[in-house]
Every structure is written in structure tokens, then in C-alpha cells.
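Step one of this worksheet: look at the structure below.
There are 4 protein chains.
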Amino acid sequence: MLISIKTHLSYTTATSCSLLLQIEAAQDIAQVCESSHFTTNKDIYWNIIPGEENIGLRRWGRIEQTFECVYEAKVRVQRPVSDLADLAAHDVTQLPSDVTKFLMPSRYCFPEAFLGFVPEQFGSLAGGALIAQMSDWIRENFTYDICASNALTTATDSFQAQRGVCRDYAHVLIGMARSAGIPARIASVYGPAVNPQDFHAVAEVFLDGAWHIVDPTGMAHPSEIVRIGVGRDAADVSFMTSYGWMEMKKQSVDVSFIA
Amino acid sequence: MLISIKTHLSYTTATSCSLLLQIEAAQDIAQVCESSHFTTNKDIYWNIIPGEENIGLRRWGRIEQTFECVYEAKVRVQRPVSDLADLAAHDVTQLPSDVTKFLMPSRYCFPEAFLGFVPEQFGSLAGGALIAQMSDWIRENFTYDICASNALTTATDSFQAQRGVCRDYAHVLIGMARSAGIPARIASVYGPAVNPQDFHAVAEVFLDGAWHIVDPTGMAHPSEIVRIGVGRDAADVSFMTSYGWMEMKKQSVDVSFIA
Amino acid sequence: MLISIKTHLSYTTATSCSLLLQIEAAQDIAQVCESSHFTTNKDIYWNIIPGEENIGLRRWGRIEQTFECVYEAKVRVQRPVSDLADLAAHDVTQLPSDVTKFLMPSRYCFPEAFLGFVPEQFGSLAGGALIAQMSDWIRENFTYDICASNALTTATDSFQAQRGVCRDYAHVLIGMARSAGIPARIASVYGPAVNPQDFHAVAEVFLDGAWHIVDPTGMAHPSEIVRIGVGRDAADVSFMTSYGWMEMKKQSVDVSFIA
Amino acid sequence: MLISIKTHLSYTTATSCSLLLQIEAAQDIAQVCESSHFTTNKDIYWNIIPGEENIGLRRWGRIEQTFECVYEAKVRVQRPVSDLADLAAHDVTQLPSDVTKFLMPSRYCFPEAFLGFVPEQFGSLAGGALIAQMSDWIRENFTYDICASNALTTATDSFQAQRGVCRDYAHVLIGMARSAGIPARIASVYGPAVNPQDFHAVAEVFLDGAWHIVDPTGMAHPSEIVRIGVGRDAADVSFMTSYGWMEMKKQSVDVSFIA
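Residue numbers (the working numbering), protein chains in the order written: chain Y, 1 to 259; chain E, 260 to 518; chain W, 519 to 777; chain C, 778 to 1036.
In C-alpha cells form, the structure reads like this:
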């Protein structure tokens, strides 16, 4: 399916500041950009670096006074989606070495917080079947609430509050998965069915030798998701990190299917 | 200088469990192993994987009932040590792409917690001079206290309590450095002057194109440190992570200079 | 299936020399070591480093006078094998960035040598169907001949001679695949049906988002292969590279199914 | 010093073809882009991927009929340059694991071809002193000759002919260095003193824990070189690799000091 993305950011800053931007669709066999335009103030030089795990790209720039940026792309998504229930977990001792880091506690996702709950709630389930149940449990028990969390909110906090936004849902699933010895990470994505339209975040779990997307909010199906980047949790995939204070003038994200 | 290391671990477990072990000296130009012996129960097969950032190595094993392990090594350390005050910070926009991750918040080190304190306390200092002052400040103001922290204690907690152990000292320095746009990470190490003898942790900061060791506890000088591994913070460099409950029978670390 | 491996190397050297050894089974979800023993002269300190692409491991050691080594392992292989004909090639512009290097000419495999032959012989075939035909063509047209090649023999040479050993067969397939825009690399492996028993080499091609083993000699089926390491071609996966002259006393490889 | 770069490429193609382009200055602490503009036909979508070793970047694009591209940048180069004679070689057994691959034979650089010549010509020299002598020897004995080599010419060929262009000079130095156990790779670069102006190639050697640029042609000093990318040899750093036939209309490189 063909998906159209338009992102518009406009900020001002009193002093010059450095900016790390990560808003462009990654390229891979599952999502091919048919067109892509990134336009910005003429005076900014962008240093492009790869995203974490060499997925997607990020831009470092130095901003004076104003920052204006429009990103427009058309992306064809053809992602084969496995039935989670068919996917087996790895014995942790056999994981690829590069995947091991995604078992560890990270800024927002502490697996130890779920060591009691997970076996109690999900019993002897394992692998993809366990992940599917975790995701369902979160969706059924959580309330989507944009006022319930902020930049300090961890998976542990969200689990207690049982409310939050997409990244909180993803963080809880990541924490639960890691507690069961299943490597898990976050992906920042665009999704056409995300409502209200905004940058979106989902979880990815490592099962049967590959990473699989899971969205515990249920708002985006893996077959229609456009990935931007991945990381241990939201700390790694901010769409914008500034070294200095910036004031938002406008920020919009429009993602839609092209008939 | 030649350093002798002997580590002895002995644990029991009621059920079989998986173990990730990271206790062996890394090899690099600054620290060369002249001998090294790792002995363990005969029945454990160890899957060896590289450490984070491809520094050092880790072992995955599956334990039944008892885990006994002795590691003995002689390591020649010849690490050129720069004067911190001479080292310049990078503009964040020019950092090598693989270093960017060490600016981000991690499990125990949230740079945002220090955004007010650092400029207020250290004014216009920058680069290595700033790091040296941060390290001095921590050493002068903190009390070494093995009862003050546990596996949940963050740099923010330690900063408030102004007490903790080596990893807490390192975490606070890492958080402060990141808040100033200086990439920082943890290193798990052996140090002959560490008292009481145990696994030790120090900070590393990225200045002038290279990583530099800084020990805010003052217990270990970079010229005599033997590195085991590195990571974003202590979550990445545990000497032992078990997937299941293990009971400690014995754990000893002996590090000494060989005359 | 469970596979038993026993490798025995015995060499002497007049002067001390450095050695890079790569003979141990890699660990991954498709091949799990149930036991593994590596024994060698007591006086050698081995510095263990990851193999290329972080697959498997290698050992650096310093040898004086004699080098004796016995490696014994039992490996359970459960590798799902896809039908090559079902696998699609990637558009080169969408390849994962880490895979791009395996399109490039390497020591023994020059894709340009096959730019004429491949379309002429295989017409409009593409993807896995093309690879399968290339592999069949090599097996049908080549003569296995241990006297036909040496350490200088390239894929171009082997293609002209239409004879060689396992690594020459693999090199020709790698060169052909790259010439068609399909990333290809070598894997050093153990195979129970390899006759005469020795270290074996096969090709791997990147199709449908994953690496797939292909053995143009037909001696080893992907489902029963134990991988040691991978690389651009045989230059990267020698079982032993010495920096100094060594004389072989004994070298044996025994691989068999365990009933 | 501030260096201006302008590269202009213009090609046509009868059929659509895929293109891998690597012409933009890498960013690092030693070379900071003050401005950078890459302009091309409107209809090409560029998939940006990191260069080898995560240095610099490359672009994949799909070309129909015409390809036109102008790259203009101003780069401030501040590269501290060590005296080669002061730099020690590593014991190969202590090399960082990621550096090991640069000891191995590659497409154009076979270390075995120099195993006799190097000790005979350079005796007991080692480390940076050896590299300096090798580079001097090449410069003194080779004739710069743009007709002496082509895309098939190896370091072995150039060594026999004692003539070639920049990449041949670099290849010979790389082959010699590897034969002495010193890791060596190629860097594609811009140099303001290169005459006639064109893409340039130099060698890099790994000594004392870091990569150091060496230009055996003597045309470019490390302090004024702008690096584009690195690789095992010229096969990895082509400014342009096309999958399909392209006809050159114009190709110009202008590099100069800005007063």
C-alpha cells in the first residue's frame, strides 16, 4: 500500500542551539520511498548520521533563531506480517550478540518491575503467544490519555496508572517482554490510522530470528506502518532533541493512504 | 605495570537458569593479558559473545544446581593518560555516529536532572576542564557508603543523597557530562587500589576524538585500571545477570600489583 | 539433527609467530552447541574476538615451537530451509546498509568477470530461481579436483578451468551472484557428508531479507551444515592464518551424525 | 584551513539503472562542513546509507536517461598530524576486533605479494618508521602515469610496473603494510593540491590505537585532506558504481583553499 507523509515543524530559539532530528522514513525491503523531500531554512548545514542499529537516518544541525522544516514522502509498504502465535522465543543464551542489549533495562523500561506480574498473569505462555497476550492485556486495561504522562514517565509508572500515550503503551510491552527474556525495543513510526495524527511509537520483539512489530494501542497495523528509527526506548528515537531551549510555533504530522 | 587478578564466584540455584557473565579483562593496546585462565564446572557450555561496543567479551551459560567459576589473569597495563584539562569537547553535531547514543538518557543516568546544576556550579567551563571539576566536586561532596544505594538507585537519587558506591559516583558523572553535551559511558573494571576489593566501575568521557577514563571516587588511576567492558550505565555491564534465582555462596575479587 | 565435530591441528614453528584461528562452531538459533571443548598447549594465551559480521569467534595467540589443538563439539542443527525458487531479490537501492559490502569485488570474487556470461546463460531469471540455476550449472559443469587450485586462484580462474575445490565452487557462485546485483558471501562450515572430510566452504546469498546457504558442490545440505564464520570470500575465513612460517604435523577434521 | 569543493557529474543512460554514489565529505572532528549542497535531477529519490565503517555516507538512486549532480561544500580541516616515525605498531594479537579485517587480502591488495620484498628492502624497521620508508620508496621509484592502470590492476601489478595513479600508489602501500602485520585501508579524499584535479585516494594505517593518513604520491598532506569514505581498497570507495551502462558527459572536480 502507498502511504503519504507530510511533517511540518516550525520553532524559534533565542540563542543558537544544536538539534538532532529524526523524522524521515527508513528505507528497507518492507518500505520503499517512491519520493521524499526534506526542505528547511537555507542556512542550516545538516550532518546526516545513521540511526541506531543502522536503521534510518538522523540529522544534526545548528539552528539560529528560526527552524522551519517540511518533510514530504510517499512510501510503499509491503511488510509480510507473521502471526505472533506462530513465533518461538530464542533461548537467551543463543541470541545474536547484537540483540543482547535489548534485554537490558533502559531509561524508561525496567524489566525487573514485571518479574512478578508477568508469570502470574500470563502463566506458562511463551514466545509470540505470550507477546500477543501481553499486548492484548495492555490494550484492554489501559486508557489512552495524553495528560497522563510526560518525559519522565517510565513503564513502571504507566503500568501503575494504566494510562498513557503510544510510547507508554510500547514501554510497558517492552518492559514485560524483557522480563520474560524476550528482547524488545521501540520503533518510532508513522501510521495512517493514528488518531489524532502525530508521531507514533510501537514495540518490536525479537522472535524466530527476526524483529516483529507489535502495537499495543491497536492503532496501527504492522502492514501499514512506516518506520523512522529504532532504539532501546523513547530516549533513543525522539523526533527532535535540542541542546538549548526552542519554542514551538507549529508542529503537524499528516499521514494518509493514497487511493 | 603488571596486575594480577583473581575472581572467584560460587552460586547455587534450585532450578536451572541462564546466566550472562562479564568478568574477564578486555584486550587492547593499553592492557595486554600475559596469562588468563577461566575455569568453571565441567558441565557448562559457554557461548562467548562480544561485549557492548565490541569491547571485551561476555559468556552465556546454562546453570544446573551449582555454578563455580575462577578467573585468574596477569595483565600488563600501559595506558597513556592525558591531562583532562587539555582535552577539548566536540561540537555535538560533529560526533562520530556511533558515539551519539552516549548522549542519551539511560537506565540510571538522566542528563535532564543536571541541566540546572551544571551551569550554575561550573559556570563557563567546558571540555576536559569541566569534566575534571565535575569529578572533583563529586569526590569532595560525596560519602562512600555501601548501604546508600541498590539496584534501583539512579544518578538523580545519588545526587540528592550525595552518597553511594563506585557505580553511583560514575552514574552522577555520566549524567552531568551528558547534560553538558559530552558523551559519557560506564566501564566495569578491576583496580588494584580499590578498597574493599571488589568489581569496580568508572566513567568514560568522549573528548578530542577518544574515550578517556575518569574515576570520581579517586580509588583507581587510569594508568592502573584493567577494563572488563563498557556500556551506557551499570545496566549494561553487570558482572553477572541471571534469568532465574541464584544464591551466592562465595564471591571474591583480588587485584594486586606484581612487584 | 545432532552433529559431532572433532578437529585436530598440530604444527611446529622455528620462530615464535602469531596465529589467528577460526575453527569453532558459531552459535545461533539454527545451531546450538550441546557441548564444546577447545584444548591447546598450556602456554598459549588466546585473545578471543568476534568473527566478521559478529558471527562466531576467532582466537589470536602467540605460538612458540609447537602448536597443538583439539576442538570437539556436539551441535544440534535445526535450520529451516527455504526453497530458493520462492525467494525474491532486493532492489539494490533498498538493501540494508550493512549488506552493501557483499556486492563489491573481493580478493577472490570479481563480479565483473561474469557480467557477460550470467545474462547470456541464465536469461531473464532473477532472485532465488537465478541462484538455484547458477548453483546447478556449477555443479554440473565443474570437476572437483584438489590439484586444480591454490591460494592465488580466483573465481575468474576457476570459472575458466571449470575445476577446483569447495571454496572455488563457492567463489564462482559468489562472483556470479554479485554480478547480478545479489549480495553474496562465503561461509566456512563443517558438513557431515563432506568427502573427504575437511573444513568446508559454501556460499550465502541475501534474498528476501535474510542470508541463505547454498552449496554448489552439492556435498552439504543447508539443514545439516554447522557454520564457523562468514566473510567476503576465503580470505576472511581461513581456519588458520599465521604471521610466520609453520610446518604442519597433523590436521584432521571428523564430522558425523550422532544417531 | 578552509577548503572549497565543487564536483560536477553528468551522465546519460539508455536504460534505467541503479547507482551508488559516494562523493560527499565525511563529517568528523578533523573536518567540519561549514556548508554543503547536493543538487541533482528532481526525479531521483536518494536512499542515504552510511559508508563503510560508518564513516561518511553513500547514496543509492535509480536513474532514468540522465543523471546530473552538483556537489558544493566548504570544509574546515583541522587534523592533528603525528610524525609517523613516532608511532608504534600493535602486536597483531592485540588489535581491536573491528580492525582485523584490514590485515586480510582484498580485491586489489594481496599482502602475500610483498612477503619477500618488504623485509629485504626495509630490514628491521617497524611501525610508523617502516610505513614512512615504504611510502618514500613508492614515491621515489614510481612514475605517475594515468595510462598504466585500469579497473583490473592490482597492487601486485602496479608494483611490477612501478607506475600508476593515486589509487595504485595507495594499493601498493596497503599491500606492503598488511604484509608486515600493519592494518591498512584506502580513503577516498579530496585534496586541494592534487594535480590534475580529480577524486584522490590515499592509504590509512592503524598505529598506536588510531588510523593515520599516508599519501605515497606526496600530492596531498594529511593536514589538508578532506575524507569522503574508507574501505578495504578502491573496490569499496568508488565515487560511482552503476548497475547498468552509463555514458559520461561531464565529470569535474575542483578543490581549492579559501584564502
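In this text, a Cβ means the ideal position worked out from N, Cα and C, and glycines have one as well.
Remember, predicted model here, so these are calculated numbers, not experimental data.
| query | result |
| --- | --- |
| Please name the residue in GLU590(W), TRP763(W), VAL690(W) whose C-alpha comes closest to that of HIS526(W). | GLU590(W) |
| Counting only C-beta atoms, is GLY986(C) closer than 8 Å to chain E at any point? | yes |
| Measure from the C-beta of ILE806(C) to each C-beta in chain E and report whether the shortest distance is under 8 Å. | yes |
| Output the distance between the C-alpha atoms of SER935(C) and GLU841(C), rounded to the nearest integer angstrom. | 37 Å |
| Using the beta-carbon of each residue, which ones in chain Y are nearer than 8 Å to ILE825(C)? | ILE48, LEU57 |
| Out of SER277(E), LEU354(E), ILE314(E), point me to the one whose CA is closest to VAL496(E)'s CA. | ILE314(E) |
| Under 8 Å, Cβ to Cβ, is there at least one residue of chain W near ASN54(Y)? | yes |
| Does the distance from the CB of ASP751(W) to the CB of CYS627(W) come in under 8 Å? | yes |
| Does ASN306(E) come out as helix, strand or coil in the three-state DSSP assignment? | strand |
| Please state whether the Cβ-Cβ distance between LEU539(W) and MET758(W) is less than 8 Å. | yes |
| If you draw a straight line from the C-alpha of VAL942(C) to the C-alpha of VAL854(C), how long is it? | 25 Å |
| Distance cutoff 8 Å, beta carbons only. Does MET248(Y) sit that close to anything in chain E? | no |
| Can you list, in chain order, the residues of its chain with a C-beta nearer than 7 Å to that of LEU648(W)? Leave out the 5 residues immediately preceding and following it. | PHE640, ALA698 |
| Kindly indicate if chain C contains any beta-carbon less than 8 Å away from that of GLN612(W). | yes |
| Taking a cut of 7 Å between CB atoms, which residues from the segment 998 to 1031 of chain C lie near chain W? | ALA1012, ASP1013, TYR1020 |
| Taking the alpha helix (DSSP H) that TYR626(W) falls in, what are its first and last residues? | TYR626(W) -> no alpha helix (DSSP H), and no H or E assigned at all. |
| How would you list, in chain order, the residues of chain C whose beta-carbon sits under 8 Å from the beta-carbon of THR558(W)? | Those do not exist, as THR558(W) stays about 14 Å from chain C at its closest Cβ, beyond 8 Å. |
| What residues from chain Y crowd round SER615(W), counting only those whose CB sits closer than 8 Å? | PRO50, ASN54 |
| Between which two residues does the beta strand (DSSP E) holding CYS328(E) run? | 325 to 336 |
| For chain Y, is any of its Cβ atoms less than 8 Å away from the one on VAL712(W)? | no |
| With DSSP as the reference, identify every bridge partner of ALA203(Y), one or two as the case may be. | ILE186(Y), VAL214(Y) |
| Once DSSP output is grouped into helix, strand and coil, what is the label at TRP914(C)? | helix |
| Please compile the residues from chain C whose C-beta is within a distance smaller than 8 Å of the C-beta of GLU34(Y). | TYR822 |
| Excluding the 5 residues flanking ARG321(E) on each side, which residues of the same chain have their C-beta closer than 8 Å to its C-beta? | SER275, CYS276, SER277, LEU278, ILE303, TYR304 |
| With 8 Å as the threshold, decide whether the Cβ of HIS260(Y) is near any Cβ in chain W. | Lying before the first or after the last residue shown, residue 260(Y) is absent from chain Y, which here runs from 1 to 259. |
| For ALA148(Y), I'd like the list of residues in its chain whose CB is within less than 7 Å of its CB, leaving aside the five on either flank, ordered along the chain. | ALA161, ARG163, GLY164 |
| Can you find the residues in the same chain that come closer than 6 Å, C-beta to C-beta, to VAL809(C), ignoring five residues on each side of it along the sequence? | ARG853 |
| Taking C-beta pairs closer than 7 Å, name the residues in chain E that MET104(Y) reaches, listed in chain order. | ALA494, ASP495 |
| Output yes or no for whether 8 Å exceeds the beta carbon distance between ASN230(E) and THR272(E). | There is simply no residue 230(E) to check, as chain E begins at 260 and stops at 518 in what is shown. |
| Would you mind sorting SER901(C) into buried or exposed? The rule is 16 or more other CB atoms within 10 Å of its CB. | exposed |
| Measure from the alpha carbon of THR413(E) to the alpha carbon of each residue in ARG366(E), GLY468(E), ASP474(E), then state which is nearest. | ARG366(E) |
| Quick one: what's got a C-beta closer than 7 Å to ILE656(W)'s C-beta in the same chain, skipping five residues either side? | TYR687, VAL690, LEU691, PRO734 |
| Kindly say whether SER1033(C), judged by its beta-carbon, lies nearer than 8 Å to any beta-carbon of chain W. | no |
| Tell me whether ILE826(C), by its Cβ, gets closer than 7 Å to a heavy atom of the ligand FMN. | Of ligands this structure carries none, so the ligand FMN is not represented either. |
| For a test of the three-state rule: what should DSSP assign to THR352(E), helix, strand or coil? | helix |
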